[in-house]
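First the structure, in the form of C-alpha cells, and then the observations on it.
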Amino acid sequence: MTETNMNLWQTLVYYFQYPFVQYAMIVGLLIALCSSLLGVTLVLKRFSFIGDGLSHVAFGAMAVAGVLGVSNDMTVVLPVTVISAVLLLRTGQNTKIKGDAAVAMISVGALAIGYLLMNLFSKSANISGDVCSTLFGSTSILTLTKPEVWLCIIMALIVITVFLLFYHKIFAITFDENFANATGVKANAYNLLIAVITALIIVLAMNLVGSLLISALIIFPALSAMRVFRSFRSVIICSAVISVICAAAGIILSILFSTPVGSTIVAADILVFFIFCGISAAISGGKKA
Amino acid sequence: MKKLSMILTAVLLTGLLTACGSKSEATETSGTSPETVPAVSETEAFLVPENPNADPNADVDLTTLSSTMVYSQVADMMYTPEKYDGKIIKASGLFSVYHDDMQDKNYYAILIQDATACCAQGIEFVWKGEHAYPEDYPEIGSEITVMGTFGTYEEDGATYTQLLDADVTVNE
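Chains as they are written, first to last, in the numbering used here: chain A, 7 to 295; chain B, 206 to 377.
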C-alpha cells in the first residue's frame, strides 16, 4: 500500500515537471476560482442554466468561425457570446419569452446550428473528434501554450478585481434589483457587467471542461456552499475553496489515471456536493436534537 | 458617469480576450491523417524530465506515461517540433495506414487516443529497412511500439512530422 502510494506520489511529482501540466494546473485553478465567484450570483438570480446556454452559443459561434475560415475564432466567439449573455441576462424578465425558455431556446438552437454547420462545411478530417473535443473539453487544458496561459492569468485577475471592486453592488442586485435601483444602484449597468464577465468565463472554461460541462463548474460549488453556509460572503468564500480544490483534484486524478479532465473535475464537484448535503443534514439534525 | 465606467469596463474585458488569440490550431491536429504543423512561438530548451523507468536509448519515452500525458506530450511535439528535432522518440499506439490517392502513397502511423477516446494524435513513422505493405506490416489497429528519430518534412506547402529509421515491434 505504502509502495503504491509512494509510486503514485513519485509519478505525480514527475508529471508536474512537465510545463503543460503546470500550465493546466494554473489555468484550471484560476478558471475554477472565477467561475465559482460568479456562480453564487448566477444561482441566486435563478440563472443557473445560463452557463450551459452560453457555452452552446460559443460552440455555435466557433462552428461559424470555422466555416468562415476565420483564423482567430475568438474574434467571432467572444462577441457573439457576450451579446447573447447581455440579451439573456438583461431582457430575460421583460420579454415575451421568459428567462428559462429563452436560455433553453438559444442553447439548443446554437448547438444544433453549430453541429449542422460543422457537418456541412467543415474541412477537418475528424469532425466527430473536433465536436467531442469542444463539447467535453478533452485534453485541451493540457495542451495550452504559454501565451494562452498568460491570457488566462490576466483575464482571471481582471475578473477577480472587478468582482472585489463591485462586490457590494453585485450583492445588491443579486438579491433585489428593484431595491438596488431604488437606492441608486444602476442595476442594468451591473447586469451588463455580470453578463460580460459570465461570457468571458464561459469562453475560458471551454478549455477546461468543454461546453457541455461548464454549468457544473458554475453551479455545483455554489450549491454545495449553500448547503452549509448562509451569508453571501461565506458562501462565496466556501464556493471558491470547493471549486479550486475540486479542479485540482480532478486534474491530478485525470493525469494519474488517464480519465477525461472535465468530467473528472465535475465528478469531484458532485462528490463534494453530496458530502456537504450530508454535513447540512447532520447540522440540522444536531440543532433539532 | 458610473454607468459609463461600467460599460467601459465591460467593453475592455471583451476587447482584451478577443485581441489575444485563440486555441491556435490545437483542434486541427486531432485528425487521424497527417496534419499541418501550427506556427511555433515557444522555443524552450526543456525537453522532458528525467525518468528512471524510461528506455535509456530514447530521449523521449512515451511508453512510461499515462494516456492523458502521452496525448498531451504528443500535442506538444506537434506544436513545437523544433524542440524534438533529431531526438529519439519511443511511443506505443495503434497501427494505422493513410493512403494518399493523389500520390498513390501510403503513410504509416501510430495513433494515440485521448482519455475521451474521441480524439487521436497520429505520429507518422518510416520503418527502418525494406518492408512491403501489407505483407510485412502489422494488422491495422494492432498495438505496436515504435522507436525512431523525430524529424519534419515539407509536402505541398505544409510541414509534417515523422519518426525516421524507426524500429517497429508488435506488442504482445
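Note that beta-carbon positions come from the ideal geometry of N, C-alpha and C, so glycine has one too.
| Query | Result |
| --- | --- |
| Strictly under 9 Å for the Cβ-Cβ distance: is Gln28/A near chain B by that measure? | no |
| Chain B beta carbons: is any one of them nearer than 9 Å to that of Ile261/A? | yes |
| Figure out for me which residue from His304/B, Ile315/B, Gly356/B has the closest Cα to the Cα of Tyr276/B. | Ile315/B |
| Step through the CB atoms of chain B and report whether any lies within less than 9 Å of the CB of Thr180/A. | no |
| Compile a chain-ordered list of the residues in the segment 272–293 of chain B whose CB is closer than 7 Å to at least one CB of chain A. | Ser272, Thr273, Met274, Tyr276, Ser277, Ala280, Asp281, Tyr284 |
| Using CA coordinates, which residue listed in Gln318/B, Pro286/B, Asp306/B, Met283/B is at the minimum distance from Glu299/B? | Reading off the sequence, residue 299/B comes out as Leu, not Glu. Closest by alpha carbon: Gln318/B. |
| Just to confirm, are Leu369/B and Thr350/B a CB contact at a threshold of 9 Å? | no |
| Identify the contact partners of Leu43/A in chain B, using a Cβ-Cβ distance below 9 Å as the criterion. | Here the premise fails: no neighbours, minimum Cβ distance about 14 Å. |
| Check whether the Cβ of Leu267/B lies closer than 9 Å to any Cβ atom in chain A. | no |
| Closest to Gly120/A by CA distance: which of Ser217/A, Phe226/A, Ala228/A, Gly291/A is it? | Ser217/A |
| If I measure Cβ to Cβ from Val137/A and keep anything under 7 Å in the same chain, skipping five residues before and after, which residues do I get? | Tyr121, Met124 |
| Hey, quick one: how far does the beta strand (DSSP E) through Gly334/B stretch, first residue to last? | Gly334/B -> no beta strand (DSSP E), and no H or E assigned at all. |
| Closest Cβ-Cβ distance between Leu368/B and chain A: below 9 Å? | no |
| Measuring straight from C-alpha to C-alpha, what distance separates Arg233/A and Cys244/A? | 11 Å |
| What's the C-alpha gap between Gln326/B and Leu199/A? | 40 Å |
| To the nearest angstrom, how far is the alpha carbon of Ala67/A from that of Phe181/A? | 32 Å |
| Hey, how far is the Cα of Cys283/A from the Cα of Thr364/B? | 54 Å |
| What does the Cβ neighbour count give for Met274/B, buried or exposed, with the cut at 16 atoms within 10 Å? | buried |
| Kindly indicate which residue of Asn197/A, Pro153/A, Ala178/A has the alpha-carbon position closest to the one of Thr189/A. | Ala178/A |
| Quick one: what does DSSP say Asp309/B is sitting in, helix, strand or coil? | coil |
| Using the Cα positions of Ser286/A and Arg239/A, report the straight-line distance between them to the nearest angstrom. | 18 Å |
| Would you mind listing the alpha helix (DSSP H) stretches within the segment 129–199 of chain A that are 4+ residues and don't spill past its ends, in chain order? | 133–142, 152–171, 173–181, 183–188 |
| Along chain A, which residues have their Cβ under 8 Å away from the Cβ of Pro254/B? | Tyr20, Gln23, Tyr24 |
| Quick one: using the 10 Å Cβ neighbour count with 16 as the cut-off for buried, is Asn184/A buried or exposed? | exposed |
| Under 8 Å by Cβ, that's how I've got Val48/A and Ile224/A pegged, so tell me the actual separation to the nearest angstrom. | For clarity, residue 48/A is Leu in the given sequence; the question names Val instead. Yes, Leu48/A and Ile224/A are in contact; Cβ-Cβ is about 6 Å, under 8 Å. |
| Nearest-angstrom Cα distance between His285/B and Asp106/A? | Before going on, a small fix: residue 285/B reads as Thr here, not His. So the two alpha carbons sit approximately 45 Å from each other. |
| Buried or exposed for Ser246/B, please, with buried defined as at least 16 other CB atoms from any protein chain shown within 10 angstroms of its CB. | Note that Ser246/B scores 42 on pLDDT, short of 50, meaning its location in the model is unreliable; the coordinates nonetheless yield the value given after this. Flag for Ser246/B reads exposed. |
| Against chain B, with Cβ distances strictly below 9 Å, would Thr151/A count as a contact? | yes |
| So is Ser221/A in contact with chain B if we call contact Cβ pairs under 9 Å? | no |
| May I ask you to report which of helix, strand or coil DSSP gives Thr374/B? | strand |
| Within its chain, find whatever has a CB closer than 7 Å to the CB of Glu260/B; leave out the 5 residues flanking it on each side and keep chain order. | Note on residue identity: the sequence assigns Asp, not Glu, to residue 260/B. Around Asp260/B: Asp266, Lys295. |
| With a threshold of 9 Å between beta-carbons, can Thr232/B be considered close to chain A, or not? | Caution applies to Thr232/B, whose pLDDT of 34 falls short of 50 and renders its modelled position unreliable; the model cannot decide the point. |
| Round the Cβ separation of Val73/A and Phe127/A to the nearest angstrom and send it over; I've been treating them as touching at under 8 Å. | 4 Å |
| Against Leu122/A, what residues of chain B qualify as contacts under a CB-to-CB distance less than 9 Å, listed in chain order? | Chain B residues near Leu122/A: none, gap ~18 Å exceeds 9 Å. |
| Kindly say whether Ser230/A, judged by its beta-carbon, lies nearer than 9 Å to any beta-carbon of chain B. | no |
| Who are Tyr289/B's beta bridge partners in DSSP? | Note: Tyr289/B sits in no beta bridge, so no partner. |
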